[in-house]
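First residue of the sequence shown? That's 2 in the working numbering, and the numbers climb one at a time after it.
No residue lacks a Cβ here, since even glycine has one placed at the ideal position from N, Cα and C.
One structure below.
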Amino acid sequence: MSQSTVRDFSERTGVPLERLIAQLRDAGLEYDDPDAEFAEADKSVLLDHLRKTHGRREDDEEGGPSQITLKRRSHSQLRMPSGGGAERRSARGPRAGTGGRTVNVEVRKKRTYVKRSVVEAEAAEQDAQVLERALQQDVKAAEAAQAAEAERQREAEAAAEAAREAEAAAVAAREEGESTSPEADEEAVADSEEPVTTVADLEAEQQKTDSEAARKKEIEDEKERKRLEAEAKREREAEERAARKAARGKGKAKKRADSATRQGRRGAAGVASSAIQQEFEKPTAPVVRDVQVPETITVGELAQRMSVKAADLIKEMMKQGVMATINQAIDQDTAVLLVEEMGHRPHTVREDDLEEALLGQATEPSGTEEPRSPVVTIMGHVDHGKTTLLDYIRRAKVAAGEAGGITQHIGAYRVNTERGDLTFLDTPGHEAFTAMRARGAQVTDVVILVVAADDGVMPQTEEAVKHARAAGVPIVVAVNKMDREDADPDRVKNELAAREVIPEEWGGDTQFIHCSALAGDGVENLLEAVALQAELLELKAVRDCPASGIVVESSLDRGRGPVATVLVQNGVLHQGDTIISGSEFGRVRALLDERGDRVQEAGPSTPAVVLGLSGLPEAGDEVLVVEDERKARELADHRREKSRDKRLQAQKAAKMDELFTQMGDQEVMTVNLVVKGDVQGSVEALTQSLTNLSNEEVRITPIATGVGAINESDVNLALASEALLIGFNVRADAKARRLAQETGVELRYYSIIYDAIDQLRNAISGMLEPETQEQIIGTAEVREVYRSSQLGQIAGCLVVDGVVRRSNPIRVLRENVVVFEGDLESLRRFKDDVKEVQSGTECGIGVRNYNDVRAGDQIECYERVTIQRSL
2 MSQSTVRDFS
12 ERTGVPLERL
22 IAQLRDAGLE
32 YDDPDAEFAE
42 ADKSVLLDHL
52 RKTHGRREDD
62 EEGGPSQITL
72 KRRSHSQLRM
82 PSGGGAERRS
92 ARGPRAGTGG
102 RTVNVEVRKK
112 RTYVKRSVVE
122 AEAAEQDAQV
132 LERALQQDVK
142 AAEAAQAAEA
152 ERQREAEAAA
162 EAAREAEAAA
172 VAAREEGEST
182 SPEADEEAVA
192 DSEEPVTTVA
202 DLEAEQQKTD
212 SEAARKKEIE
222 DEKERKRLEA
232 EAKREREAEE
242 RAARKAARGK
252 GKAKKRADSA
262 TRQGRRGAAG
272 VASSAIQQEF
282 EKPTAPVVRD
292 VQVPETITVG
302 ELAQRMSVKA
312 ADLIKEMMKQ
322 GVMATINQAI
332 DQDTAVLLVE
342 EMGHRPHTVR
352 EDDLEEALLG
362 QATEPSGTEE
372 PRSPVVTIMG
382 HVDHGKTTLL
392 DYIRRAKVAA
402 GEAGGITQHI
412 GAYRVNTERG
422 DLTFLDTPGH
432 EAFTAMRARG
442 AQVTDVVILV
452 VAADDGVMPQ
462 TEEAVKHARA
472 AGVPIVVAVN
482 KMDREDADPD
492 RVKNELAARE
502 VIPEEWGGDT
512 QFIHCSALAG
522 DGVENLLEAV
532 ALQAELLELK
542 AVRDCPASGI
552 VVESSLDRGR
562 GPVATVLVQN
572 GVLHQGDTII
582 SGSEFGRVRA
592 LLDERGDRVQ
602 EAGPSTPAVV
612 LGLSGLPEAG
622 DEVLVVEDER
632 KARELADHRR
642 EKSRDKRLQA
652 QKAAKMDELF
662 TQMGDQEVMT
672 VNLVVKGDVQ
682 GSVEALTQSL
692 TNLSNEEVRI
702 TPIATGVGAI
712 NESDVNLALA
722 SEALLIGFNV
732 RADAKARRLA
742 QETGVELRYY
752 SIIYDAIDQL
762 RNAISGMLEP
772 ETQEQIIGTA
782 EVREVYRSSQ
792 LGQIAGCLVV
802 DGVVRRSNPI
812 RVLRENVVVF
822 EGDLESLRRF
832 KDDVKEVQSG
842 TECGIGVRNY
852 NDVRAGDQIE
862 CYERVTIQRS
872 L
């Protein structure tokens with residue numbers, strides 16, 4: 002008979018595994034592993050145990066009734082109306098028919114409650130009966146199999162003994178020579194071969210018999226298994242019917258209880274709750290938990306992680322001498338001590354562990370490196386032809402669509418040329434876009450420095466060279482506007498050579514290409530130079546790794562939500578990938594190329610517009626594909642909290658600076674700004690440029706910045722903070738415009754960045770205090786000093802420079818040192834009073850309240866002029 006495990010026997014009989022193991026343990030058999038082999042001998046032991054304990058009830062030994070029957074009677078009265086029809090009642094009036102008879106009603110209720118131990122004993126009794134029947138069958142089958150096996154062994158031993166005796170007899174006959182002729186020998190052998198049975202024959206016959214017996218046993222076991230399954234199924238169906246019947250009885254009892262009085266319901270509920278109340282077993286040992294402790298955690302969160310009450314944790318902190326509330330944050334060391342005191346195991350967690358684990362794969366991508374196309378950034382001074390050059394390469398009209406003819410955000414384009422695919426980044430040239438040029442230099446492989454042949458090197462040209470040198474990126478100089486008459490390429494080479502950009506023909510390492518973006522001359526040579534530089538760099542990227550890249554630009558689309566232009570650097574970005582960028586995350590809902598067409602993937606050195614982020618990432622943030630969206634959400638939340646903490650600290654420092662400033666003697670005027678723009682880079686550049694206009698007397702403070710249209714919240718914020726609301730390439734909606742008009746919030750629109758800077762500079766200049774300057778208008782030299790009884794001391798002077806006026810203040814200088822400042826009391830020419838005296842003319846000057854004028858002194862006449870200041 003084939004052996005089976007305890008679990009198999011439980012499934013075959015339908016008895017729960019826990020109850021079967023408990024029965025085995027009561028019988029003295031230890032089966033801790035349900036998959037252990039269930040021996041036939043142990044089945045016999047279990048059967049004997051069940052026969053001995055069969056029919057014995059545990060509650061018989063406990064004493065006391067096994068069930069309780071509650072009876073209750075309630076009395077009420079019903080008033081029955083007296084006889085007579087409706088016509089008689091109506092004829093006798095509304096007060097008639099008040100008489101009648103009273104009927105006493107008695108309601109009897111009977112309810113029986115059975116002990117839980119009795120029900121459990123009955124269930125155990127049923128399981129014991131099922132086990133007993135199954136064990137009897139197994140024991141009988143095992144005994145029959147053992148008897149058949151013993152019979153087969155006896156037959157096999159007898160046959161083997163007969164074969165050995167026949168073989169011994171044949172050997173003895175041959176030895177004694179009883180066969181005298183070959184024919185007789187053959188006949189004897191023939192006679193002896195038929196009845197002789199060899200050991201091999203016996204083994205084959207034994208195997209055949211065993212296989213037939215095994216097949217019969219398998220058939221019998223299958224029949225028995227099906228019978229037991231059917232019996233167990235019938236028992237389960239009977240239990241389900243009983244449970245449904247009991248449920249229906251409970252439902253009816255509940256309805257009856259709902260219709261009874263409140264006191265009756267309370268009593269019934271008390272009896273029912275006591276009947277179904279579960280017993281709570283107190284743990285035998287304290288539960289020790291592993292608690293993750295971050296760098297900072299609130300008291301309430303720490304208590305939740307330890308599964309203790311916050312009040313108990315606060316009491317423990319008070320014992321340790323720490324006073325804190327439930328929402329107060331505590332440091333990691335204090336939290337570790339508290340966890341240990343509460344009997345749990347603390348595990349310190351660094352807040353940057355998750356970020357390091359997710360970003361490790363991006364910093365060092367593993368996989369096979371493959372060649373990739375270069376990323377080329379076009380840089381230079383404003384209006385030197387950067388976008389026009391890219392326009393000719395792309396065969397598109399981009400510069401015409403830019404406001405004011407200048408680029409105000411980074412544009413990413415992929416161009417298919419004869420020398421392969423190239424990815425171009427067009428950066429702005431205005432001085433306000435310094436950060437955007439630096440960002441373009443950091444993500445690029447080759448920089449095309451566009452310099453106009455008629456203008457030469459300008460401030461932004463020199464700045465672009467510094468950015469390229471700092472990023473370690475090779476430069477290819479495109480000397481543009483060679484079609485103009487005043488083009489001077491040698492001037493460009495000399496000026497760049499002075500800034501350590503040496504042409505190849507002068508022994509340097511920088512290629513200078515003469516071209517014209519309008520006519521297209523020299524553009525092919527420029528592309529060839531870029532391709533040659535890219536070959537020298539041997540650019541490679543890993544494709545079979547999680548995609549990573551950088552955000553070139555981000556904006557808010559009214560119909561599509563947050564939109565980010567991403568330059569993929571490693572891996573392949575697919576639609577549906579989960580990405581994280583800065584403090585934003587999301588699933589890639591769609592990928593668009595530079596023409597706005599949908600694509601399914603974007604490989605290395607490919608720009609793509611990504612839709613599906615939770616918010617607007619900052620330009621320059623890293624983009625990383627992660628497998629677990631939950632981890633991405635946690636990391637984004639963690640970064641958002643860190644950014645919020647930094648912002649709060651910066652605000653606190655700004656408030657302290659304002660406090661110290663207000664404590665000074667000079668009061669500083671503040672201009673608050675609320676800036677909204679179309680893309681993140683333009684808002685960043687405009688905000689930084691406007692902030693740089695601040696000086697000692699006027700401070701520019703950006704209250705809030707954002708991307709997207711101006712809404713009511715922006716107007717309300719500007720109203721509350723008395724701020725100027727600026728829209729850069731965006732407009733306010735109807736509600737926001739109406740609110741701004743009603744509240745008087747100043748709203749200004751700009752599409753060109755230097756217009757916004759110039760207008761705000763002029764507005765700030767009007768807020769500055771005017772400056773008073775002194776201008777010397779004339780000088781007179783004292784020749785003689787006269788005394789008059791009426792006028793006092795009179796200085797005879799010669800006007801040597803300018804003009805001397807009576808209404809202007811004067812200074813008296815002796816050996817070029819000021820000895821007196823005052824006013825003229827009189828100014829005469831001979832005996833006549835005059836208002837002014839010109840240069841080269843003699844005059845008499847009387848100085849008010851000063852009688853120490855000497856010959857040789859100089860009298861300086863000046864005037865005060867008020868000049869309006871500007872930034």
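Tell me, please, which residues DSSP counts as bridged to residue i.
| i | result |
| --- | --- |
| residue 476 | 448 |
| residue 792 | Answer is none; residue 792 lacks a bridge partner. |
| residue 725 | 674 |
| residue 232 | Residue 232 pairs with nothing; no bridge assigned. |
| residue 168 | Answer is none; residue 168 lacks a bridge partner. |
| residue 546 | According to DSSP, residue 546 bridges with nothing at all. |
| residue 575 | 602 |
| residue 418 | 421 |
| residue 758 | DSSP lists no partner for residue 758. |
Drop a sphere of 10 angstroms on the beta-carbon of residue i, count the other beta-carbons inside from all chains shown, and report buried for 16 or more, exposed for fewer.
| i | result |
| --- | --- |
| residue 867 | exposed |
| residue 550 | buried |
| residue 571 | buried |
| residue 345 | buried |
| residue 348 | exposed |
| residue 89 | Only weak support is given to the placement of residue 89: the predicted model assigns it a pLDDT of 44, under 50, and the question is left unresolved by the model. |
| residue 398 | With a pLDDT of 44 at residue 398, under the threshold of 50, the predicted position of this residue should be treated as unreliable, though the coordinate-derived value follows. Exposed is the call here. |
| residue 460 | exposed |
| residue 297 | exposed |
| residue 831 | exposed |
Report the rounded CA-to-CA distance for residue i versus residue j, giving the unit in angstroms.
| i | j | result |
| --- | --- | --- |
| residue 622 | residue 581 | 10 Å |
| residue 765 | residue 689 | 16 Å |
| residue 485 | residue 416 | 28 Å |
| residue 161 | residue 169 | 12 Å |
| residue 561 | residue 596 | 16 Å |
| residue 374 | residue 420 | 10 Å |
| residue 727 | residue 750 | 6 Å |
| residue 518 | residue 592 | 31 Å |
| residue 71 | residue 242 | 26 Å |
| residue 588 | residue 629 | 11 Å |
| residue 487 | residue 731 | 40 Å |
| residue 163 | residue 216 | 29 Å |
| residue 80 | residue 113 | 33 Å |
| residue 77 | residue 130 | 51 Å |
| residue 681 | residue 753 | 15 Å |
May I ask which residues mark the beginning and end of the beta strand (DSSP E) holding residue i?
| i | result |
| --- | --- |
| residue 824 | 818 to 830 |
| residue 372 | 370 to 372 |
| residue 682 | Taken as a continuous stretch (DSSP letters only), residue 682 belongs to no beta strand (DSSP E), being part of the alpha helix (DSSP H) at 681 to 692. |
| residue 393 | Premise fails: residue 393 lies in the alpha helix (DSSP H), 387 to 395, not in any beta strand (DSSP E). |
| residue 571 | 562 to 571 |
| residue 526 | Run containing residue 526: none in the beta strand (DSSP E); it sits in the alpha helix (DSSP H), 524 to 538. |
| residue 810 | 810 to 815 |
What first and last residue would you give for the alpha helix (DSSP H) that runs through residue i?
| i | result |
| --- | --- |
| residue 9 | 7 to 14 |
| residue 318 | 311 to 320 |
| residue 22 | 18 to 27 |
| residue 287 | Residue 287 -> no alpha helix (DSSP H), and no H or E assigned at all. |
Against chain D, with Cβ distances strictly below 8 Å, would residue i count as a contact?
| i | result |
| --- | --- |
| residue 109 | In the structure shown, chain D cannot be found, because there is only a single protein chain. |
Inset, instruction - Please confirm if the segment 492 to 503 is in contact with the segment 531 to 546, defined as three or more CB-CB distances below 8 Å between the two stretches. - result: no
Legend entry - Cβ contact check for the segment 538 to 545 and the segment 553 to 560: 3 or more pairs under 8 Å: no
Legend entry - Segment contact, 8 Å Cβ cut-off, at least three pairs: the segment 690 to 704 with the segment 746 to 763: yes
Legend entry - Inter-stretch contact at 8 Å, needing at least 3 Cβ pairs: the segment 514 to 522 / the segment 333 to 344: no
Legend entry - Touch test, the segment 782 to 789 against the segment 814 to 825, Cβ-Cβ under 8 Å, three pairs minimum: no
Legend entry - Cβ contact check for the segment 701 to 709 and the segment 673 to 680: 3 or more pairs under 8 Å: yes
Inset, instruction - Determine, using beta-carbon pairs with one atom in the segment 598 to 608 and one in the segment 633 to 642, whether at least three such pairs fall under 8 Å. - result: no
Inset, instruction - Taking 8 Å as the threshold, find out whether the segment 323 to 334 comes into contact with the segment 368 to 388 through three or more Cβ pairs. - result: no
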